[in-house]
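Participant:
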Amino acid sequence: MNTMVKLLEADSRVSGYKINIHRKETCELFYIHGKLETVRRTDNCEKEVTVYVDHDGFKGDAQFHVYPSTTEEQITALIGEAVGKALLISNQDYSLPGNETGEYTVDSNFSDYEPADLASLIADAVFDANTIAGASLNSVEIFISKHTETVLNSRGLHKTQQRYDAMVEAIPTFNGADQSVELYEQYNFAAFDRGNITDEIAGKLQEVKLRYEAVTPDFALDCPVVLNKLELSELFWNIAEDLNYRSVYAHSNLRSKGEMIQSDPTGDKIGITMAGQIPGCISSSGFDSDGLSLGTARLVDEGKVVGYYGGNRYGQYLNETPTGNLGCLSADTGSADEAAFTAAPMLEVISMSGLQVDFYSDYIGGEIRLAYYHDGEKILPVTGVSISGSLTEVLKDIRFSEKTAIYDGYCGPEKAILDHLKIF
Amino acid sequence: MSFSEFLNSRRSDAKALVCELKKDFCYVSILGSDIKSKSVRVDRSTSNISTGRDTECGFVIKLSDGKLIYEYSLDDIAGDIPALAGHITESFRLNAKLMDAAVGDLNLTDEPLVQSFCRPSDLHDFSDDQILDVCIKNRDALLGASEYVLNAFAVISSYEVSKLFVSENRELDQNFVWINGNMMAIYRETEKLVQVYDGVYGDQMGGVIADMPSLVEKLLHKAKILTRATPITPGVYDVITDPSITGLIAHEAFGHGVEMDQFVKDRALAKKYVGEYVASPICNMRDGAAAVVSAGSYFFDDDGVLAGDTQIIKDGILVTGISDFASAAQLGTAPTGNGRRESSRRKAYSRMTNTFFEKGTDKLEDMIASIEHGYMLFDTNNGMEDPKNWAIQCVAEYGIEIRDGKLTENYVSPVVMSGYVPDLLKSISMISDDFVITGSGMCGKGYKEWVRVSDGGPALKVKVKLG
């Protein structure tokens, strides 16, 4: 690192620099039908250097990668090439963040375990969930990652953080007399809790049993639709990404400050806050790739856009305070209690091929792999249907649950009730 | 253009490491990757030349003791080879519980082959300055083409691959290039803001540069269509797919279901249908890195198996799937050269490469004329696989209504196709006599493991649920 800095500072054409280092160590287990097929270990360190050159009132930049095998001579040549590229780029000037140092650790109990032992414990927790006759886990993949990230720049910024995450990809399957069906489960977490893992997988195994029992209804469904945290996460992230400084600067944002996300709302009003860290969210981080410390930013309040968020460069271009690239999204909960979600008739979506949310075309919809139809007397598992509707109409009177759930970088309503969706 | 000097400098280390590890493992191979990717991008107010997301340099060592497969990914293999071999072996000392769960009976073969491959390209004949200039000219052309273009983006991304594969009996290296030229416009003619994108691609920079200006008119045409498009009335329709949507069906609806690692896991319904009709008898489908030259092409896969050209569906009958080395070993079949990794840091899976329906004998105009009421669908947006249950979700950017055998001025967007795969494939009643492969796609397995792919084919006439 010292050599790299020395070489960068020795080139008088270099106006500034940034070095990002990401060391990732993983332990991975791959099971097929409960048998261990592959074990993987990885230990890789990625170093990316960004060179900034101020010229003619503009700022140019270019990157290169450095590997353990890269010699001093090669680094000198790479710096020279990067200067040449940066001189071709004439972007509006902006300043790099500076004079901050720190070491951060995102809370996790992963450090209490040896990676292979932890992977083995996670595998036990996953397979313990398999107690349903006829159900199985045809494929299970377990990834445990330790990340050590450093960013430093020519203005004295130098930050390092350590964080962990894990991912279980499991394929719950139900084998019946006439067919076999499956669902897809990707469960991300940053703290080991054996019971939580078992409960999560057990829930999916129960759902896949119901997918086996599910039928394509032979009658028309015309009722409110309940979406769960995964689909709500997709909906809210679509709104948030539109309000990133980069989108606003590129004129690709659909809405600006002061404009309503929901027109004439009669249901729950949308509220969104972006955050650097939310306990339990795997995308929690102390700083972004520029080294900016991450706090919070309120984007949407009472259904109205009240702010934007984003990184250093585009924040400065818009004369806004750079918030950093915030990786966690917190959405306001709503007024719907448990009873509201058991009202009938109602179609509760459990698994979709993937919710399509397109604000440009005012479209929300997708194919349902499993849903529960509540008819007031019984719950009928259904499959083979799709939903489709206008986002404008749906958001007008959407109702969010009082209860909160976490899914990856999303923390917000566990469920929502949507009207005006065609089920076909 | 030439093979990576870095990988060449590690060739003898790789051989020495294979020898050392062979003392403890019955199968050892090493894949070295040196991938240089670059992106030159301009929009209305900014520009940049950056390293592309595919850039990587590293090694993955694949081992087997007959009970398990082990893989170790690292940045470099130079130095004290016995010490490195010892470290790798030590890192795979597993507890008794894990060893008891080992799948066992793994017989990974190592057939002798020594060969070098290179696909020449003119990539290095063009300077950054020239490429940036091309992007600026195309951006300006798009911005100047209509007052309604709020922002225009032009991006040229190149991807230069060097890979070295070394095992006890094999030594392979390959070097090739793929280039994408993409453009995007943000367009507001009415209250409705639309984003449109399209691309050109190839293994020669000169060709990409020559083709890029044609995107300007296409993007404006599409922007006008999307501006006027309205939601479709959900229902089951007669549909003509353009080659892009044909490719989406080949890839998402059926291709994922014939990836044979899913056969090992009993995750693919297709396993039960080998030798049976799964599609209309006029339907033929292939996949292969050697089938065409496109984004999914290479000379050998990430398991050191030579690229293939696999007939998946022949006259409507499912012939075979596509496999990686480990899956083929477990199934007792020959690998088809479809073992692919997102990078040297990730596992190899059975993956598609260039996947397409073969062309038929019908004229597109006759196909349109045969429809009383339906839609012609254009341009892939996204899709999702369901190999176990053969459910479909494929999203087209837009559709044009067909009335009484003619394309109308009625546009719909977006259009989601859903239903059951065999119903869709068996409904294919006409296939056009033309053929286009779209070479700018990325494909994930589930929600991860992204690799470059292409897909396409002719226009198909099908019956499917749209919403």
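Chains as they are written, first to last, in this note's numbering: chain A, 1 to 424; chain B, 425 to 891.
Idealized CB from N, CA, C, for every residue including glycine.
1. Ordered along the chain, which non-local residues of its own chain (more than five positions away) have a Cβ less than 8 Å from that of A/Phe110?
2. Relative to the alpha-carbon of B/Phe550, which residue among B/Ser582, B/Asn599 and B/Tyr844 has its alpha-carbon at the smallest distance?
3. Under the three-state reduction of DSSP, which class applies to B/Val888: helix, strand or coil?
4. Quick one: grab the DSSP three-state call for B/Lys830.
5. Going by DSSP, what residue range makes up the alpha helix (DSSP H) through A/Trp237?
6. Using the C-alpha atoms, what's the distance from B/Tyr621 back to A/Gln316?
7. Please report the residue range of the beta strand (DSSP E) in which A/Pro172 lies.
8. Pull up the distance between the alpha-carbon of B/Arg765 and that of B/Ser751, whole angstroms please.
9. Which residues of chain B have a Cβ atom closer than 7 Å to the Cβ of A/His147, listed in chain order?
10. Run through chain B and tell me which residues come within less than 9 Å of A/His251, C-beta to C-beta.
11. Chain A partners of B/Pro655, CB-CB under 8 Å?
12. Where does the unbroken alpha helix (DSSP H) through B/Lys771 begin, and where does it stop?
13. If you count every other CB in all the chains shown that lies within 10 Å of the CB of A/Thr131, and 16 or more means buried, which is it?
14. Between B/Lys889 and chain A, is there a C-beta pair that is closer than 8 Å?
15. Give a yes or no on contact between the region 821-839 of chain B and the region 676-693 of chain B, applying the rule of three or more CB pairs nearer than 8 Å.
16. Beta-carbon of A/Pro68 versus every beta-carbon of chain B: anything under 8 Å?
17. Would you mind sorting A/Asn228 into buried or exposed? The rule is 16 or more other CB atoms within 10 Å of its CB.
18. Counting only Cβ pairs nearer than 9 Å, list the residues of chain A close to B/Ser497.
19. Just the C-alpha distance for A/Lys428 and A/Ser353, rounded to the nearest angstrom, thanks.
20. Starting from the Cα of A/Pro430, find the closest Cα among A/Asp43, A/Val151, A/Lys85 and A/Val51 and give me that residue.
21. Work out the CA separation of A/Gly412 and A/Glu231 for me, nearest whole Å.
22. So with CB distances below 7 Å, who are the chain A contacts of B/Met800?
23. Between A/Leu221 and A/Ile423, what straight-line distance do the alpha-carbon atoms span, to the nearest angstrom?
24. Taking the beta carbon of A/Val349 as the centre, do at least 16 other beta carbons fall within 10 Å, making it buried, or is it exposed?
25. Can a CB atom of chain B be found closer than 8 Å to the CB of A/Val5?
26. If contact means a Cβ-Cβ distance below 8 Å, which residues of the region 165-199 of chain A contact chain B?
27. With a cut-off of 8 Å, does the C-beta of B/Ser461 fall near any C-beta of chain A?
28. Please determine if the region 680-696 of chain B and the region 847-866 of chain B are in contact, where contact requires at least 3 C-beta pairs separated by less than 8 Å.
29. Who are the neighbours of B/Ala694 on chain A, taking C-beta pairs under 9 Å?
30. One question on the structure: do B/Ile392 and B/Val464 come within less than 8 Å of each other, judged by their Cβ atoms?
31. Under a CB-based cut-off of 8 Å, is B/Tyr697 close to chain A?
32. Could you check which residue in A/Ala77, A/Thr26, A/Tyr31 and A/Asp419 has the C-alpha nearest to that of A/Met4?
33. Does DSSP put B/Tyr611 in a helix, a strand or coil?
34. What does the alpha-carbon distance come out to for the pair B/Ser767 and A/Asp242?
35. Identify which residue in B/Gly870, B/Tyr822, B/Gly712 and B/Val836 has its Cα closest to the Cα of B/Thr777.
36. Could you work out which residues of chain A lie near B/Arg691, taking near to mean beta carbons separated by less than 8 Å?
Facilitator: This is what the structure gives:
1. Numbered from its first residue, the first sequence carries residue 110 of chain A at position 110. Excluding residues within five positions, the ones whose Cβ falls inside 8 Å are Leu118, Ile144, Lys146, Tyr164, Ala166, Ala190, Ala191 and Phe192.
2. By 1-based counting over the second sequence, the position of residue 550 of chain B is 126. The candidate whose alpha carbon is nearest that of B/Phe550 is B/Ser582.
3. Walking along the second sequence from the start, residue 888 of chain B turns up at place 464. Of the three classes helix, strand and coil, the one that applies to B/Val888 here is strand, per DSSP.
4. Position 406 of the second sequence holds residue 830 of chain B. B/Lys830: strand per DSSP, three-state reduction.
5. Sequence index remark: in the first sequence, residue 237 of chain A carries index 237 (1-based). Unbroken alpha helix (DSSP H) run through A/Trp237: Lys229 to Asp242.
6. Here residue 316 of chain A refers to the residue found at position 316 of the first sequence. Here residue 621 of chain B refers to the residue found at position 197 of the second sequence. Roughly 28 Å between the two C-alpha positions.
7. Here residue 172 of chain A refers to the residue found at position 172 when the first sequence is read from its first residue. Start and end: His158 to Asn175.
8. In the second sequence, counting from the first residue as 1, residue 765 of chain B sits at position 341. In the second sequence, counting from the first residue as 1, residue 751 of chain B sits at position 327. Between B/Arg765 and B/Ser751, the C-alpha separation is close to 14 Å.
9. In the first sequence, residue 147 of chain A corresponds to position 147, counting from 1. Residues of chain B passing the Cβ test: none, with the nearest at roughly 13 Å.
10. Within the first sequence, numbered from 1, the residue matching residue 251 of chain A stands at position 251. Contact annotation for A/His251 against chain B: Arg468, Leu574, Asn575, Ile610, Arg612 and Leu617 [CB-CB distance below 9 Å, chain order].
11. Residue mapping note: residue 655 of chain B aligns to position 231 of the second sequence, counting from 1. Neighbours of B/Pro655 on chain A, chain order: Ser361, Asp362, Tyr363, Ser388 and Ser390.
12. On the second sequence, residue 771 of chain B is found 347 positions in, with the first residue counted as 1. First-last for B/Lys771: undefined, no H or E at that position.
13. The count along the first sequence starts at 1 and reaches residue 131 of chain A at position 131. A/Thr131 should be labelled exposed.
14. As a first step, residue 889 of chain B must be located in the second sequence, where it is residue number 465. True, the Cβ-Cβ gap to chain A drops below 8 Å.
15. no
16. The count along the first sequence starts at 1 and reaches residue 68 of chain A at position 68. Judged by the 8 Å Cβ criterion, A/Pro68 is in contact with chain B.
17. Within the first sequence, the letter at position 228 stands for residue 228 of chain A. When all chains shown are included, A/Asn228 counts as buried.
18. Start at 1 with the first residue of the second sequence, and residue 497 of chain B comes out as number 73. Within chain A, the residues near B/Ser497 are Thr26, Arg40, Arg41, Thr42, Asp43 and Asn44.
19. Outside the shown range of chain A, which is 1 to 424, sits residue 428 of chain A, and nothing can be said about it.
20. In the structure as shown, chain A begins at 1 and stops at 424. Residue 430 of chain A is therefore absent and cannot be evaluated.
21. In the first sequence, counting from the first residue as 1, residue 231 of chain A sits at position 231. In the first sequence, counting from the first residue as 1, residue 412 of chain A sits at position 412. Going from the Cα of A/Glu231 to the Cα of A/Gly412 covers about 11 Å.
22. Position 376 of the second sequence, counted from the first residue, corresponds to residue 800 of chain B. Going along chain A, no residue has its Cβ under 7 Å from B/Met800, so there is no contact; the nearest lies around 18 Å.
23. The count along the first sequence starts at 1 and reaches residue 221 of chain A at position 221. The count along the first sequence starts at 1 and reaches residue 423 of chain A at position 423. Spanning the two alpha carbons is a distance of roughly 6 Å.
24. Looking up residue 349 of chain A in the first sequence gives position 349. Buried: at least 16 other Cβ atoms inside 10 Å.
25. Locating residue 5 of chain A in the first sequence gives position 5, counting from the first residue. It does not; no Cβ of chain B falls within 8 Å.
26. Glu169, Ile171, Thr173, Ser180, Val181, Glu182, Tyr184 and Gln186
27. Walking along the second sequence from the start, residue 461 of chain B turns up at place 37. So no, B/Ser461 is outside the interface.
28. No, the region 680-696 of chain B does not touch the region 847-866 of chain B.
29. Mapped onto the second sequence, residue 694 of chain B falls at position 270. Identification of chain A residues near B/Ala694 by a Cβ-Cβ cut-off of 9 Å yields none; the smallest Cβ-Cβ distance measures about 13 Å.
30. The structure shown does not extend to residue 392 of chain B, since chain B spans only 425 to 891, so no value can be given for it.
31. Numbered from its first residue, the second sequence carries residue 697 of chain B at position 273. Cβ-Cβ to chain A under 8 Å: no for B/Tyr697.
32. Reading the first sequence from its first residue, position 4 is the one you call residue 4 of chain A. Considering only alpha carbons, the answer is A/Ala77.
33. In the second sequence, residue 611 of chain B corresponds to position 187, counting from 1. B/Tyr611 falls in the strand class under three-state DSSP.
34. Locating residue 767 of chain B in the second sequence gives position 343, where the first residue counts as 1. Locating residue 242 of chain A in the first sequence gives position 242, where the first residue counts as 1. Between the alpha carbons of B/Ser767 and A/Asp242 lies a distance of about 30 Å.
35. The count along the second sequence starts at 1 and reaches residue 777 of chain B at position 353. When only C-alpha atoms are compared, the closest one is B/Gly712.
36. Translated into the one-based positions of the second sequence, residue 691 of chain B becomes position 267. Near B/Arg691 (Cβ distances below 8 Å), the residues of chain A are Asn138, Ser139, Ile171, Thr173 and Glu182.
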